[in-house]
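Number of protein chains: 4
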Amino acid sequence: MAESGRGRGRPRSEQARHAILAAARDLIAEAGYEQLTVQAIAARAGSGRQTVYRWWRSKELIVAELVTSGELTLPAVPIPDTGHLEPDLIAWLDTIVHSLEDPQAGGLMLALVTAASDNEADARLLYEMSTGPFHRALVARLTQGAAAGQVGPHADTTAIADALIGTVLFRALTPGARPAPTSAVIRTLLGCSTS
Amino acid sequence: MAESGRGRGRPRSEQARHAILAAARDLIAEAGYEQLTVQAIAARAGSGRQTVYRWWRSKELIVAELVTSGELTLPAVPIPDTGHLEPDLIAWLDTIVHSLEDPQAGGLMLALVTAASDNEADARLLYEMSTGPFHRALVARLTQGAAAGQVGPHADTTAIADALIGTVLFRALTPGARPAPTSAVIRTLLGCSTS
Amino acid sequence: MAESGRGRGRPRSEQARHAILAAARDLIAEAGYEQLTVQAIAARAGSGRQTVYRWWRSKELIVAELVTSGELTLPAVPIPDTGHLEPDLIAWLDTIVHSLEDPQAGGLMLALVTAASDNEADARLLYEMSTGPFHRALVARLTQGAAAGQVGPHADTTAIADALIGTVLFRALTPGARPAPTSAVIRTLLGCSTS
Amino acid sequence: MAESGRGRGRPRSEQARHAILAAARDLIAEAGYEQLTVQAIAARAGSGRQTVYRWWRSKELIVAELVTSGELTLPAVPIPDTGHLEPDLIAWLDTIVHSLEDPQAGGLMLALVTAASDNEADARLLYEMSTGPFHRALVARLTQGAAAGQVGPHADTTAIADALIGTVLFRALTPGARPAPTSAVIRTLLGCSTS
DNA sequence: TGATAAACGAGACGGTACGTCTGGTCTTACG
DNA sequence: CGTAAGACCAGACGTACCGTCTCGTTTATCA
Chain A
1 MAESGRGRGR PRSEQARHAI LAAARDLIAE AGYEQLTVQA IAARAGSGRQ TVYRWWRSKE
61 LIVAELVTSG ELTLPAVPIP DTGHLEPDLI AWLDTIVHSL EDPQAGGLML ALVTAASDNE
121 ADARLLYEMS TGPFHRALVA RLTQGAAAGQ VGPHADTTAI ADALIGTVLF RALTPGARPA
181 PTSAVIRTLL GCSTS
Chain B
1 MAESGRGRGR PRSEQARHAI LAAARDLIAE AGYEQLTVQA IAARAGSGRQ TVYRWWRSKE
61 LIVAELVTSG ELTLPAVPIP DTGHLEPDLI AWLDTIVHSL EDPQAGGLML ALVTAASDNE
121 ADARLLYEMS TGPFHRALVA RLTQGAAAGQ VGPHADTTAI ADALIGTVLF RALTPGARPA
181 PTSAVIRTLL GCSTS
Chain C
1 MAESGRGRGR PRSEQARHAI LAAARDLIAE AGYEQLTVQA IAARAGSGRQ TVYRWWRSKE
61 LIVAELVTSG ELTLPAVPIP DTGHLEPDLI AWLDTIVHSL EDPQAGGLML ALVTAASDNE
121 ADARLLYEMS TGPFHRALVA RLTQGAAAGQ VGPHADTTAI ADALIGTVLF RALTPGARPA
181 PTSAVIRTLL GCSTS
Chain D
1 MAESGRGRGR PRSEQARHAI LAAARDLIAE AGYEQLTVQA IAARAGSGRQ TVYRWWRSKE
61 LIVAELVTSG ELTLPAVPIP DTGHLEPDLI AWLDTIVHSL EDPQAGGLML ALVTAASDNE
121 ADARLLYEMS TGPFHRALVA RLTQGAAAGQ VGPHADTTAI ADALIGTVLF RALTPGARPA
181 PTSAVIRTLL GCSTS
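Residue numbers (the UniProt record's numbering), protein chains in the order written: chain A, 1 to 195; chain B, 1 to 195; chain C, 1 to 195; chain D, 1 to 195.
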């Protein structure tokens with residue numbers, strides 16, 4: 001009965017799963033990713049350590065799960081769409097840079113970077129999950145703007161998105177070390193548009 | 001003579017200090033920052049563990065020292081200057097992205113981020129040490145190119161440099177992810193030039 | 001059922017416990033108490049260091065356990081009983097003094113003393129465990145000999161036993177020092193007998 | 001005078017030597033032999049650690065020196081000489097057993113035993129120094145008593161001294177664990193005397 | 001009287017063991 | 001059979017001393 005036995009034995013406790021995720025989220029918020037231990041997660045979740053390992057093979061993957069499940073996320077900043085690409089992107093950049101000044105968001109950024117660890121697979125997974133949505137949303141908005149002739153003729157939408165995310169990342173990692181990216185970045189990336 | 005009391009006891013061994021730094025540098029290169037332990041550093045340096053702690057209070061501070069002393073840097077890639085800005089930058093970006101595929105450089109990036117992450121006070125310095133030279137070289141080359149009319153009219157040299165370095169960081173931290181081709185990035189950033 | 005809460009997690013491994021005790025016993029025999037380290041005990045026992053500390057709070061308590069459990073005892077030397085008290089005791093004392101020249105037994109004495117020294121509460125128990133059997137056997141044999149008139153009229157069996165054990169201890173702790181011949185000690189302690 | 005060159009450099013400081021001995025004595029009194037460290041001795045003496053090692057090769061030998069020099073000693077209990085051996089010895093035994101109830105004296109006893117360590121040479125030295133005087137004094141007094149016919153015909157003075165010291169040692173190591181040795185011991189050891 | 005040389009205090013050196021902590025695995029009792 | 005609990009082996013952590021080795025300083029003597 002290969003699959004009929006889906007309900008054989010005690011079902012895994014979704015409750016435990018959520019408790020663990022919640023505990024990890026809280027602990028990251030409280031003390032940062034570096035301090036996070038499986039021990040502490042299990043204790044806070046009121047679960048056994050083994051249960052943690054049953055669901056996730058590593059600490060990093062818990063963080064990954066948090067990100068996918070939306071329990072832990074970089075501030076979701078929707079890209080405005082007033083029909084004018086340049087001011088929309090400037091507004092978006094302003095908002096996101098501002099939100100990174102919240103230490104919790106900045107800490108999450110660092111957590112993600114650190115979680116990337118020396119495990120290349122985890123790193124890819126994490127980054128796809130955390131930055132993928134941003135990247136896709138940017139490309140979509142840019143493509144739309146390009147169709148409206150609001151992007152310079154030499155510009156590549158993917159390249160612009162890469163550069164924008166890179167700029168934001170750079171800013172997140174060097175809080176206060178450099179002036180916040182300004183509208184000049186946007187104008188530069190969009191190049192000479194026809195509008 | 002405020003300094004008269006300096007020479008009590010056996011002087012600290014600069015040799016041991018350097019051996020430890022060198023050992024840490026090598027171990028990061030060989031196995032990545034995550035694998036780095038004080039035990040291994042001391043063993044490789046042929047020093048006692050206590051000596052490590054006498055000089056630095058934590059592993060992260062050793063990395064910080066490596067970075068600020070210039071012993072541990074991202075590979076220095078000179079920007080070619082053929083007089084043609086766009087192909088020069090494309091070549092430079094190609095080279096640097098390539099070099100980051102070397103796990104040594106990638107691990108170093110990670111070490112840098114981790115070292116900075118629980119060392120907020122020195123974070124600026126660390127990032128300045130590691131990215132500053134790149135940024136300055138880029139701005140110089142871009143300014144020169146701009147004087148030659150090889151940069152789009154809307155472009156800001158500092159903004160371009162920020163975006164370029166951000167892009168490089170983004171790629172270093174997302175190994176194997178789908179990048180936009182470097183030439184597209186450069187063309188986008190330079191915008192419509194007169195050349 | 002007051003003990004129902006006992007069996008929650010994985011039960012402690014009596015096997016590990018015995019392996020540790022055995023390792024400690026062997027290491028004392030091989031290299032002496034002074035050389036004994038928790039590190040070496042755990043390694044020899046094939047156990048983790050933490051497991052040692054889970055069972056005993058200090059090295060001395062392991063030795064105490066060895067002694068009170070009877071796993072570590074001064075070599076048991078039965079007192080011969082040929083019906084003639086004096087030669088029997090001389091033979092016994094000869095044998096025991098001889099056996100103490102074995103560094104294993106000497107080291108054990110030292111372990112015993114050290115274990116007792118920062119463990120004042122258990123000191124009585126330790127000494128009782130290690131010297132008690134000797135004392136009781138001596139008193140029994142002496143009483144039997146006294147009934148046969150083989151002990152001097154002024155002698156007290158307990159006092160003789162005390163003095164004999166004290167003499168043995170003294171010799172164990174002063175290896176190589178000039179001892180009175182054992183036969184003289186026995187004759188002196190038995191005093192003028194009627195036989 | 002081959003040895004005339006003895007005084008070339010700075011002469012050794014007897015002051016430092018005494019300060020070290022005093023420091024060691026005090027530290028033993030305060031915290032016991034087990035806690036004693038060369039570090040602490042030097043610090044307390046206001047001397048360098050090397051100076052300690054220049055004078056003595058090991059911690060144990062400092063204790064030995066303390067004992068020889070009389071700065072640290074088992075309570076010196078002279079054996080009374082009223083002309084009557086038995087009551088004299090009973091009085092002596094009473095006094096010495098009493099004095100061992102002082103924790104400092106008992107601790108010293110333990111210190112000596114522990115210091116004996118696994119170093120046979122040190123052990124002999126220490127014991128000769130600490131118990132030798134007792135042994136000699138006892139033998140002398142016993143011999144004198146024997147000449148006066150106050151010792152049983154079968155008794156051997158050395159054997160009696162051994163047994164007495166052993167009894168005292170046993171008592172010192174098992175404080176309160178057994179009844180204090182009584183006059184019965186003395187009477188037993190002296191056997192049937194002619195007096 | 002000035003050079004030489006040994007001992008001094010201080011304290012860093014390479015080590016070793018400590019007792020604690022975490023990682024990942026395993027083994028129990030309960031549901 | 002999944003769970004909470006918790007013991008298991010392994011090994012890194014940061015600390016305390018060890019015994020040795022420089023340092024700069026002090027205190028002798030011998031030239």
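Beta carbons: idealized from backbone N, C-alpha and C, even for Gly.
- Task: Decide if the region 40 to 55 of chain A is in contact with the region 92 to 99 of chain A; the criterion is three or more beta carbon pairs, one per stretch, under 8 Å apart.
- Result: Note that the region 40 to 55 of chain A does not touch the region 92 to 99 of chain A; fewer than 3 beta-carbon pairs, one per stretch, sit closer than 8 Å.
- Message: Do C:Ala-137 and D:Thr-188 have their beta-carbon atoms positioned less than 9 Å apart in this structure?
- Response: No.
- Message: Can you confirm whether the region 50 to 57 of chain C touches the region 25 to 42 of chain C when touching is taken to mean that 3 or more C-beta pairs between the two stretches lie within less than 8 Å?
- Response: Yes, the region 25 to 42 of chain C is in contact with the region 50 to 57 of chain C.
- Let me know if D:Ala-31 comes out buried or exposed under the rule of 16 or more other beta-carbons within 10 Å of its beta-carbon. Taking all protein chains in view, the Cβ of D:Ala-31 is surrounded by fewer than 16 other Cβ atoms within 10 Å, so the residue is classified as exposed.
- Query: Which runs of the alpha helix (DSSP H), 4 residues or longer, sit entirely within the region 3 to 58 of chain D?
  - Reply: Counting whole runs of 4 or more residues, the region 3 to 58 of chain D contains the alpha helix (DSSP H) stretches 14 to 31, 38 to 45 and 49 to 55.
- Query: Which word fits C:Gly-48, buried or exposed, when buried means at least 16 other C-beta atoms lie within 10 angstroms of its C-beta?
  - Reply: With fewer than 16 other Cβ atoms within 10 Å, it is exposed.
- Message: Between which two residues does the alpha helix (DSSP H) holding residue 203 of chain C run?
- Response: Nothing about residue 203 of chain C can be reported from this structure: the residues present for chain C run from 1 to 195 only.
- Message: So, for D:Thr-131: in the same chain, excluding its five sequence neighbours on each side, which residues have a beta-carbon less than 7 Å away from its beta-carbon?
- Response: Annotation for D:Thr-131: Ile-165 place their beta carbon closer than 7 Å to its own, counting only its chain and skipping 5 residues before and after.
- Task: Can you give me the Cβ contacts of D:Arg-141 inside the same chain, cut-off strictly under 8 Å, excluding the 5 residues immediately before and after it?
- Result: These residues qualify, in order along the chain: Ile-79, Asp-81, Leu-85, Asp-88 and Leu-89.
- Message: Does chain D have any CB closer than 9 Å to the CB of C:Thr-82?
- Response: For C:Thr-82, the answer is no, since every Cβ of chain D falls outside 9 Å of its Cβ.
- Message: 9 Å is my cut-off, CB to CB: does A:Ala-23 come that close to chain B?
- Response: In terms of beta-carbon proximity, A:Ala-23 stays away from the interface with chain B, with every pair separated by 9 Å or more.
- Message: Between the alpha carbons of B:Gly-9 and C:Arg-57, how many angstroms are there, rounded?
- Response: One C-alpha to the other measures close to 38 Å.
- Query: Per DSSP, what kind of secondary structure is A:Ser-69 in: helix, strand or coil?
  - Reply: Note: A:Ser-69 maps to helix in three-state DSSP.
- Task: Could you spell out where the alpha helix (DSSP H) holding C:Leu-74 opens and where it closes?
- Result: For C:Leu-74, no alpha helix (DSSP H) encloses it, and the DSSP letter there is neither H nor E.
- For C:Gly-152, which three-state DSSP category applies? DSSP places C:Gly-152 in coil when its eight states are reduced to three.
- Query: In chain order, what residues of the same chain lie with their CB nearer than 8 Å to the CB of C:Leu-21, ignoring the 5 residues before and after it?
  - Reply: The residues are Ile-62, Glu-65, Leu-66, Ser-69 and Glu-71.
- Message: At a threshold of 8 Å, does B:Ala-105 count as lining the ligand FAD (C-beta to nearest heavy atom)?
- Response: As presented, the structure is devoid of all ligands, the ligand FAD included, so that no description of it is given.
- Can you list, in chain order, the residues of its chain whose CB lies under 8 Å from that of B:Ser-183, leaving out five sequence neighbours each side? In its chain, beyond the 5 residues on either side, Ile-90 have a beta carbon closer than 8 Å to the beta carbon of B:Ser-183.
- Query: Going by the beta-carbon positions, is the gap between C:Gly-191 and D:Ala-155 smaller than 9 Å?
  - Reply: Yes, they are a contact pair.
- Query: Whose CA, out of C:Thr-157, C:Leu-27 and C:Pro-133, lies closest to the CA of C:Gln-144?
  - Reply: It is C:Thr-157 whose Cα lies nearest to the Cα of C:Gln-144.
- Item | Sequence-distant residues of its chain with Cβ nearer than 7 Å to D:Pro-153 (five each side left out) | Same-chain partners within the cutoff: there are none.
- Any idea what DSSP makes of C:Thr-188, helix, strand or coil? Reduced to three states, the DSSP call for C:Thr-188 is helix.
- Report the neighbours of A:Asp-88 on chain B: residues whose CB is nearer than 7 Å to its CB, in chain order. Here the premise fails: no neighbours, minimum Cβ distance about 17 Å.
- Query: Can A:Ala-172 and A:Leu-100 be called in contact, C-beta distance under 9 Å?
  - Reply: In contact: A:Ala-172 and A:Leu-100 (Cβ atoms closer than 9 Å).
- Item | Proximal chain B residues relative to A:Thr-143, where beta-carbon distance stays under 7 Å | By Cβ distance, chain B contributes nothing, its closest Cβ being about 13 Å from A:Thr-143, past 7 Å.
- Task: Would you verify that the beta carbon of C:Pro-181 is, or is not, closer than 9 Å to some beta carbon of chain D?
- Result: Closer than 9 Å: yes.
- Query: Where does D:Ile-165 sit, in a helix, a strand or coil, going by DSSP?
  - Reply: Helix at D:Ile-165.
- Find the nearest neighbour of C:Leu-126 within the set C:Ala-105, C:Ala-159 and C:Thr-73, judged by alpha-carbon distance. Out of C:Ala-105, C:Ala-159 and C:Thr-73, C:Thr-73 has the C-alpha closest to the C-alpha of C:Leu-126.
- Answer with yes or no whether the minimum CB distance from A:Ser-195 to chain B is below 9 Å. Bear in mind that a pLDDT of 44 at A:Ser-195, under 50, signals an unreliable position, so the number given afterwards is only what the model happens to contain. Chain B contact via Cβ: absent.
- Apply the 10 Å Cβ neighbour rule to B:Met-1 and answer buried if 16 or more other Cβ atoms are within range, or exposed otherwise. Low local confidence applies: a pLDDT of 39 at B:Met-1 is under 50, so the model's placement there is unreliable, with the coordinate-based value given in what follows. Sixteen is the threshold: since fewer than 16 other Cβ atoms of the shown chains lie within 10 Å of the Cβ of B:Met-1, the residue is exposed.
- Task: Say whether chain B places a C-beta atom closer than 9 Å to the C-beta of A:Thr-188.
- Result: At a cut-off of 9 Å between beta carbons, A:Thr-188 contacts chain B.
- Task: Please determine, among D:Val-77, D:Gly-83, D:Val-113 and D:Leu-112, the residue with the shortest C-alpha to C-alpha distance to D:His-98.
- Result: The residue with the shortest Cα to Cα distance from D:His-98 is D:Val-77.
- Option in D:Pro-181, D:Arg-12, D:Ile-28 and D:Ala-19 with minimal Cα separation from D:Leu-112: Ranked by Cα distance from D:Leu-112, the first of D:Pro-181, D:Arg-12, D:Ile-28 and D:Ala-19 is D:Ile-28.
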